[in-house]
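Note sheet for the following structure.
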Amino acid sequence: MSLINENKDFGVIAELIPNNASVIDVGCNDGSLLEYLREYKNIDGRGMEIDQKKVQLCLAKGISVIEGDADTDLYDYPDKLFDYSILTYTLQATKSPKTVMQQLVRISKKAIISFPNFGHWKIGASLLLNRKMPVSKKLSYSWHETPNLHFCTINDFIDLCEELEIKIEKKGDLSNKKLSNFSGKNFLDSYFNEVGLFLVSKD
Amino acid sequence: MSENKIVTLAEDEPLNLDGGGSLSKFKTAYTTYGKLNDEKNNSILVCHALTGDQYVASDHPITKKNGWWSMVVGPDKPIDTNKFFVICPNVIGGCMGSTGPKEINPENGKEFATDFPVITIADMVRAQKLLIDYLGIEKIFCVTGGSMGGMLVLEWLSKFPEMVHSAVPIATATNHSAQNIALNELARQSIMADPNWQSGNYYHSDKKPMKGLSVARMAAHISYLSKEALQSKFGRNLQDKNSLDYSFDANFQIESYLRHQGFTFVDRFDANSYLYITRAMDYFDVSSANNGSLIEAFKKTQSKILCVSFTSDWLYPTSENKKIVKVFNSLGLNVSFIEIETENGHDSFLLDEPKFFEAIKGFINSTFENL
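Chains A and B supply the protein sequences, listed in that same order.
Residue numbers for the first sequence follow the working numbering, beginning at -19 and rising by one.
Residue numbers for the second sequence follow the working numbering, beginning at 8 and rising by one.
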């Protein structure tokens, strides 16, 4: 997955998380988000990462990390073990986004999920005008080499949450670094947010 | 390099054993490397496997070979003895100087032989705890070991959780599967079927159960390697021959290799110790003191843990190691897990596996920095 400029998202994610929370970052990469949250929010963090090189980087940073797969290994955690689960830029690369989302809201009280919005106007325009699969900074892979399996739009995500009876509490606008309460589908978000970021939960 | 040291423990009160009975004034042979710092917070306890011993990083007195983990423990090694104080004791029941079947029973002045009590992994850990007390260490920075060593690590986490800051159990299991027990039983039966075993009383005899012990080692050695490793190393290659010789001599390289492993093993290992230690491994179930509940067994554990498995290990496979991770996860512990890809089978933890070394080093150093 492309993680270009992702670090700029850390602050927005941190705003959603209270001090001293327990957090699991699923697809935690080299552990830098967990490290950031440990520094600024004093969280008790855990990571899960499928790529062993990145697991090694986490270990060297002192981050507790499980070499594992979001599709299969979230079942190992008991209900509501964590205060927060985080899934950034990973949902579209899972085999079953639906079950991964169900697992996230099962193992944590609240889940923060971000994904590239396939409904962004540039993507639509690229398809419409060039008749080619879009390649951009956020979606940096060509169609034949992408690890991404399930692209969705912000509206698709909202529909899936509804279907799974997952409550969307907040939405984030990463370009303006703004968080706001969620109040249903929104034309501007679905067209102009390159990334969807949501805080969700299910009792 | 470290000198072998021997200390007598349980001088005032005996060590009570799981099987009933006790050991008093028992000996523990051990080595240490590096220096214990003033805060006494830099100790690493290394637990050896079935046929390992205290010579973790110094030359073995019998085989003259490098210590069994000399690639891992030493100055500037993944477990850096410039920084850490490493302790490696020979388990009780062993045969390199700790009290075991070949040592003298103080009660009658004769070798214990099969009068030695059947001991458990938990007994070994209780004995190790007395050594740690003797060394004046209240909290061990890290307890680590592979295979049976990993069982000892798990038992430490369960029995003395407050004494363990961090732990690295490697290629191990919370108990033995039927297959594990079967392989050990095969080994024990081959020892006991050797007429030279003489019901265990061979210490003063010219005849020792070398054939039986050697076959036991051959069988075990197969279980330490993967099919792929055996195939790529030996295949069907012939040993010093151009064609089959239609005899039962070692025709294939693999036969010759296993025979060599068997023959050299008997020089350094005691057949009765092999019986006792394999028994302890078969009896091991870290949940047994807690009515079979692994959650209960580790309820008081607060340690930071790294579990390691190897892809081609079929003796203590990834699935068994993941079971341990799952328990620690359920308890919300600070647990990490890594599966090293290798074709070297169970033996991988003793071999040159750079990714394995990197993981241990990363975990231990970062944990020490955050102490």
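Glycine included, each C-beta is placed from N, C-alpha and C at the ideal position.
task: Consider the Cβ of T374/B: report whether some Cβ of chain A lies at a distance smaller than 9 Å.
output: At least one beta carbon of chain A lies nearer than 9 Å to the beta carbon of T374/B.
query: Got a sec: is the Cβ-Cβ distance from N377/B to anything in chain A below 9 Å?
result: At least one chain A Cβ lies under 9 Å of N377/B.
Reference E365/B; option with closest CA among V132/B, M199/B, V315/B, D354/B: Distance from the Cα of E365/B is smallest, within the candidate group V132/B, M199/B, V315/B, D354/B, for V315/B.
- prompt: Do I23/A and L54/A have their CB atoms nearer than 9 Å?
  reply: Contact: no.
- request: From the DSSP output, in three-state form, read off S(-18)/A for me.
  value: Residue confidence for S(-18)/A is low, a pLDDT of 37 falling below 50, so the modelled location carries little weight; the figure read from the coordinates is stated next. DSSP places S(-18)/A in the coil class of the three-state scheme, outside both helix and strand.
field: Distance between W101/A and L107/A (C-alpha atoms, nearest Å)
entry: About 10 Å.
Beta-bridge pairing of L84/A - partner residues as DSSP gives them: DSSP lists no partner for L84/A.
field: Contact under 9 Å by Cβ, S181/A with V80/A
entry: For S181/A and V80/A, no; Cβs fall outside 9 Å.
field: Cβ neighbours of K248/B in the same chain (closer than 8 Å, five flanking residues each side left out)
entry: Closer than 8 Å at the Cβ level, and outside the excluded window around K248/B, lie N258.
message: Using a Cβ-Cβ cutoff of less than 7 Å, which residues in the same chain neighbour I261/B once the five nearest sequence positions on both sides are dropped?
response: Annotation for I261/B: L237, F241 place their beta carbon closer than 7 Å to its own, counting only its chain and skipping 5 residues before and after.
field: Which of helix, strand or coil DSSP assigns to H172/B
entry: In the structure shown, the three-state DSSP call for H172/B is strand.
message: Helix, strand or coil, according to DSSP, for A180/B in the structure here?
response: Three-state DSSP puts A180/B in coil, outside helix and strand.
Backbone CA spacing between T374/B and Y209/B [nearest angstrom]: T374/B and Y209/B: Cα-Cα distance of roughly 48 Å.
query: At a Cβ cut of 7 Å, what residues of the segment 325 to 352 of chain B count as close to chain A, listed as they run along the chain?
result: For the segment 325 to 352 of chain B, the set of residues with a beta-carbon nearer than 7 Å to any beta-carbon of chain A comprises V332, K333, N336, S337, G339, N341, V342, S343, F344, I345, E346, in chain order.
- prompt: Can you name the residues of chain B whose CB is closer than 9 Å to the CB of I66/A?
  reply: Neighbours of I66/A on chain B: none; closest Cβ ~17 Å, over 9 Å.
field: Where the beta strand (DSSP E) through M28/A begins and ends
entry: It spans 24 to 29 - the beta strand (DSSP E) in which M28/A sits, taken as one unbroken run.
task: Take Y141/B and list the residues in its own chain whose beta-carbon comes closer than 8 Å to its own, dropping the five residues that flank it on each side.
output: Within the same chain, Cβ atoms closer than 8 Å to the Cβ of Y141/B are found at V14, L16, the five residues on either side in sequence being excluded.
query: If you run the structure through DSSP and keep just helix, strand and coil, what is K112/A?
result: It is coil, neither helix nor strand.
- request: Determine the extent of the beta strand (DSSP E) in which I4/A is found, giving its start and end residues.
  value: Counting along the chain, the beta strand (DSSP E) containing I4/A begins and ends at 2 to 6.
field: Cβ-based neighbour list, N44/B, same chain, cut-off 8 Å, excluding 5 preceding and 5 following
entry: Non-local beta-carbon contacts of N44/B in its own chain, meaning distances under 8 Å to residues more than five positions away in sequence, involve F92 in chain order.
message: When you compare the CB positions of I30/A and E47/A, do they come within less than 9 Å of one another, or not?
response: Contact flag set, yes.
query: Can you name the residues of chain B whose CB is closer than 7 Å to the CB of V45/A?
result: For V45/A, the residues of chain B that pass the 7 Å Cβ criterion are S343, in the order they occur in the chain.
query: Can you tell me the Cα-Cα spacing of K21/A and Y121/A, whole angstroms?
result: Each residue's alpha carbon lies about 33 Å from the other.
query: Hey, out of K218/B, S77/B, L358/B, whose CA is closest to Y231/B's CA?
result: Answer by Cα proximity: L358/B.
message: DSSP three-state label for K41/A, please.
response: Coil, per DSSP.
query: Can you check whether the CB of C54/B is closer than 9 Å to the CB of M155/B?
result: Their beta carbons are under 9 Å apart, which means M155/B touches C54/B by this criterion.
message: Strictly under 9 Å for the Cβ-Cβ distance: is F370/B near chain A by that measure?
response: Residue contact with chain A for F370/B: present (Cβ-Cβ distance below 9 Å to some residue of chain A).
task: Drop a sphere of 10 angstroms on the beta-carbon of G352/B, count the other beta-carbons inside from all chains shown, and report buried for 16 or more, exposed for fewer.
output: Taking a 10 Å sphere around the C-beta of G352/B, we find 16 or more other C-beta atoms and assign the residue as buried.
query: DSSP on L177/A, reduced to helix/strand/coil?
result: Residue state, collapsed to three classes: strand.
- request: Starting from D87/B, follow its DSSP beta bridges and name the residues at the other end.
  value: Note: D87/B sits in a beta bridge opposite G81/B.
- prompt: If we call anything under 9 Å between Cβ atoms a contact, is K147/A one with C141/A?
  reply: Yes, these two residues count as a Cβ contact at 9 Å.
message: Under 9 Å, Cβ to Cβ, is there at least one residue of chain A near E365/B?
response: At least one C-beta of chain A is nearer than 9 Å to the C-beta of E365/B.
message: Please give the ranges of any alpha helix (DSSP H) in the segment 112 to 155 of chain A, keeping only runs that are unbroken, at least 4 residues long and fully inside the region.
response: As far as the segment 112 to 155 of chain A is concerned, its whole alpha helix (DSSP H) runs of at least 4 residues are 134 to 143.
- prompt: Is it true that the CB of A50/A sits closer than 9 Å to the CB of T185/A?
  reply: What the structure shows of chain A is the stretch from -19 to 183, and residue 185/A is not part of that stretch, so it cannot be assessed.
- prompt: So what does DSSP say about V14/B, is it helix, strand or coil?
  reply: The three-state secondary structure of V14/B, taken from DSSP, is strand.
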